[in-house]
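> Mapping to the working numbering: the sequence shown position 332 is 319, numbers consecutive. Quick one: this structure, given as structure tokens, is what I'll be asking you about.
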Amino acid sequence: MSIDLVVVGLGYVGLPLAQAACGAGLSVRGYDLHAGLVAGLNSGVSHVDDLSDDDIAVMLAAGFQATTDDAVLAQAETIVICVPTPLSPEGGPDLGAVLGATRAIAKHLHRGQLIILESTTYPGTTDEDVRPILEAGGLLAGGDFSLAFSPERIDPGNPVYGMVNTPKVVGGHTPACTDRAAAFYGRFVKTVVRARGTREAEMAKLIENTYRHINIALVNEMAQFCKPLGIDVWDAISAAASKPFGFQAFFPGPGVGGHCIPIDPNYLSHRVKTLLGQPFRFVELAQEINAGMPAYVKRRVQDLLNEQGKSLKGARVLLLGVTYKPDIADQRESPVRPLARQLLASGAHVIFHDPYVQHWNIDNEHGRPAATDRVLERELEPVSAAASADIVVLLMAHRGYDLDAIAKASKQVLDTRGKLQAANVERL
Ligand SMILES: NC(=O)c1ccc[n+]([C@@H]2O[C@H](COP(=O)([O-])OP(=O)(O)OC[C@H]3O[C@@H](n4cnc5c(N)ncnc54)[C@H](O)[C@@H]3O)[C@@H](O)[C@H]2O)c1
-12 MSIDLVVVGL
-2 GYVGLPLAQA
8 ACGAGLSVRG
18 YDLHAGLVAG
28 LNSGVSHVDD
38 LSDDDIAVML
48 AAGFQATTDD
58 AVLAQAETIV
68 ICVPTPLSPE
78 GGPDLGAVLG
88 ATRAIAKHLH
98 RGQLIILEST
108 TYPGTTDEDV
118 RPILEAGGLL
128 AGGDFSLAFS
138 PERIDPGNPV
148 YGMVNTPKVV
158 GGHTPACTDR
168 AAAFYGRFVK
178 TVVRARGTRE
188 AEMAKLIENT
198 YRHINIALVN
208 EMAQFCKPLG
218 IDVWDAISAA
228 ASKPFGFQAF
238 FPGPGVGGHC
248 IPIDPNYLSH
258 RVKTLLGQPF
268 RFVELAQEIN
278 AGMPAYVKRR
288 VQDLLNEQGK
298 SLKGARVLLL
308 GVTYKPDIAD
318 QRESPVRPLA
328 RQLLASGAHV
338 IFHDPYVQHW
348 NIDNEHGRPA
358 ATDRVLEREL
368 EPVSAAASAD
378 IVVLLMAHRG
388 YDLDAIAKAS
398 KQVLDTRGKL
408 QAANVERL
């Protein structure tokens, strides 16, 4: 085994992992099915917000290479799976990529290897879905090879917490598997936290994401009744956050986006329903509230225009910030897409600006765009775009925005992020 680590799936999670391991002096390779992405990486081009082309150059200089050839898996001492875990069209878990990656590993599996799953998934996946595929060739987990789950906690765009200084949870198939996985991560992560087993490690990630999902839904629902009660919900939350214990502040917004919060809790609720036949009511309620936020924002836009004697139909509506997080280009599951679709369906003239997005496909974020997709071209400049609009909706407060200048130039602003205070601004 001549390579310390092969990372399977070189996306938002896999690439920073490969970088951290390279930085610690491990020999690292990457395996991904996407030939264009592999060619890009090998020629020094990053496709992930948190890594620059210079970072990739440093990795390549340290010996990193990406490949679409699964033969590389045979040479690895440790293999970490970081492939996507989306929802199926029916809304349940789609483990296709995890199972595909596991089958590729099984083809080359040999004694002494350590296999770690990092993809977010329901508790039981490592043991019930991954292990049987790996063991089908006759080798046994915990005896012939080591198997563990370690949830990824990457927070794209976070300038403080990265791979190295975020504690890493590991849970092995056996205590010896946990030890081995902990020793592996200990080579480049400062703090490793041992869970009792793979299920506890899988569940830990879902607790983290479900907690965020539910608390965001809580303040989103509060925002909707604080408005008619004449309460500034942001001010109230900030006041509550002065309590130094027992409270963590969450803030309302136009909905939830990204790869984790809108998706992962479904893995858990689906599992609970399938195995126990009962609903996970908190998650279902949070889902309903957060998914309803774009419609609520649209109603607020409509009301504000009404107050000016304008109808939504024909109004020029500027959407500011269409990514799901500030200061990154990631648009996955962004709630701004359903908002735009609903505004368009009511006859609004929708324009947008986002420093990180040039062409915005409002109908499709997955796979190849269809010819019928509506693709908007970014407005040249946010302040002049604001001046040209009947109403501006601030959806993502990217650091680069001069929000005061934007508000000054606007006729009317709906601020869904609680960032602005001016006579022509309404907060969500
Ligand atoms: N992005 C985040 O912020 C984040 C945070 C925590 C956890 N996660 C979890 O980590 C996992 C990966 O997410 P991501 O954001 O890195 O996804 P991603 O889409 O950015 O990257 C996944 C990569 O895997 C590749 N891939 C798909 N199937 C493959 C296969 N069978 N073999 C090899 N490569 C394959 C894809 O081509 C892609 O490059 C998911 O389970 C996600 O829920 C993501």
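For glycine and all other residues, C-beta sits at the position ideal for the given N, C-alpha and C.
Do Val157 and Thr165 come within 8 Å of each other at the CB atom, strictly closer than that value?
Yes, the Cβ-Cβ distance between Thr165 and Val157 is below 8 Å.
> Kindly indicate which three-state DSSP category Glu413 falls into: helix, strand or coil?
In this structure, Glu413 counts as strand in the three-state DSSP scheme.
> Taking 8 Å as the cut-off, decide whether the C-beta atoms of Asn202 and Pro252 are in contact.
Result no, Cβ atoms of Asn202 and Pro252 do not sit closer than 8 Å.
> Tell me, please, which residues DSSP counts as bridged to Gly159.
DSSP output for Gly159 lists Ala135 as bridge partner(s).
> In this structure, what does DSSP give as the bridge partners for Gln52?
DSSP lists Arg16 as partners of Gln52.
> For the alpha helix (DSSP H) containing Ile66, list its first residue and its last residue.
Not the alpha helix (DSSP H): Ile66 falls in the beta strand (DSSP E), residues 63 to 68.
> Helix or strand or just coil, what does DSSP make of Glu364?
Reduced to three states, the DSSP call for Glu364 is strand.
> Would you list the one or two residues that DSSP bridges to Asn348?
In the DSSP output, where bridge partners are listed per residue, Asn348 has Val362.
> Check for me: the alpha helix (DSSP H) holding Gly257 runs from which residue to which?
In the sequence as presented, Gly is not what sits at residue 257; that position holds His. First-last of the alpha helix (DSSP H) with His257: 251 to 263.
> Please work out which residues of its chain come closer than 8 Å, Cβ to Cβ, to Leu82, disregarding the five sequence neighbours upstream and downstream, and give them in chain order.
Thr72, Thr108, Thr112, Asp116.
> Does ligand 1 have a heavy atom nearer than 7 Å to the CB of Gly87?
Yes, Cβ of Gly87 sits closer than 7 Å to a heavy atom of ligand 1.
> Taking the CB atoms as reference points, tell me whether Leu382 and Val323 lie closer together than 8 Å.
A contact, by the Cβ cut-off of 8 Å.
> Does the distance between the C-beta of Leu(-3) and the nearest non-hydrogen atom of ligand 1 fall short of 7 Å?
Leu(-3) Cβ: within cutoff of ligand 1.
> Below 8 Å between beta carbons: does that hold for Ile66 and Ile102?
Yes, these two residues count as a Cβ contact at 8 Å.
> In angstroms with no decimal places, state the Cα-to-Cα distance between Gly245 and Asn145.
Cα to Cα, the separation comes out at about 14 Å.
> Under the rule that 16 or more other beta-carbon atoms within 10 Å means buried, what is Arg16, buried or exposed?
It counts as buried.
> Less than 7 Å between the CB of Tyr109 and some heavy atom of ligand 1, yes or no?
It does not: the Cβ of Tyr109 is nowhere closer than 7 Å to a heavy atom of ligand 1.
> Shortest alpha-carbon distance to Glu294 belongs to which of Asp377, Pro369, Glu320, Asp57?
Measuring from the Cα of Glu294, the nearest candidate turns out to be Asp377.
> Since Lys300 and Ser256 should fall inside the 8 Å C-beta cutoff, what is the C-beta to C-beta distance between them, to a whole number of angstroms?
Lys300 to Ser256, Cβ: 38 Å. No contact.
> Just to confirm before moving on: does the CB-CB distance between Asp350 and Asp360 stay below 8 Å?
Yes. Within cutoff.
> What do you reckon, are the CB atoms on Ala63 and Ile(-10) nearer than 8 Å?
In contact: Ala63 and Ile(-10) (Cβ atoms closer than 8 Å).
> Rank Pro369, Lys398, Val344 by C-alpha distance to the C-alpha of Ala302 and give the top, closest one.
Ala302 has its Cα closest to that of Lys398, out of Pro369, Lys398, Val344.
> Confirm the yes/no value for this check: CB of Ala84, any heavy atom of ligand 1, distance under 7 Å.
The answer is yes for Ala84.
> Would you please state the rounded distance, in angstroms, between the beta carbons of Thr403 and Val380? I believe it to be under 8 Å.
Going by Cβ atoms, the distance from Thr403 to Val380 rounds to 7 Å, so yes, they are a contact pair.
> Compute the distance between the beta-carbons of Gly242 and Ala188, then report whether it is under 8 Å.
No, Cβ-Cβ distance for Gly242 and Ala188 is not below 8 Å.
> Determine the DSSP secondary structure at Leu74, reduced to helix, strand or coil.
Correct three-state label for Leu74: strand.
> Mind checking whether Pro369 and Ile338 have CB atoms under 8 Å apart?
No; because the gap between Cβ atoms is not below 8 Å, this pair is not in contact.
> If Ala93 and Ala135 are in contact, beta carbons under 8 Å, what's the gap, nearest whole angstrom?
About 16 Å separates the two Cβ atoms, so there is no contact after all.
> Grab me the residues of Leu13's own chain with a C-beta within less than 8 Å of its C-beta, minus the 5 sequence neighbours each way, in chain order.
Hits under 8 Å: Asp(-9), Leu(-8), Arg174, Phe175.
> Short check: CB of Pro80 to CB of Tyr254, under 8 Å?
The answer is yes: Cβ separation under 8 Å.
> For Gln416, collect the residues of the same chain with a Cβ closer than 8 Å to its Cβ; drop the 5 residues on either side in sequence, then sort them by chain order.
Past the boundaries of the shown model lies residue 416; the chain is included only from -12 to 415, so the question cannot be answered.
> Is it true that the CB of Cys69 sits closer than 8 Å to the CB of Met46?
No, the Cβ-Cβ distance between Met46 and Cys69 is not below 8 Å.
> Just mark Val362 as buried or exposed, buried being the case when its beta carbon has 16 or more other beta carbons within 10 Å.
Exposed, since its Cβ has fewer than 16 Cβ neighbours within 10 Å.
> Of the choices Ala273, Arg118, Pro143, whose alpha-carbon is the least far from that of Ser39?
For Ser39, the nearest C-alpha among the options comes from Pro143.
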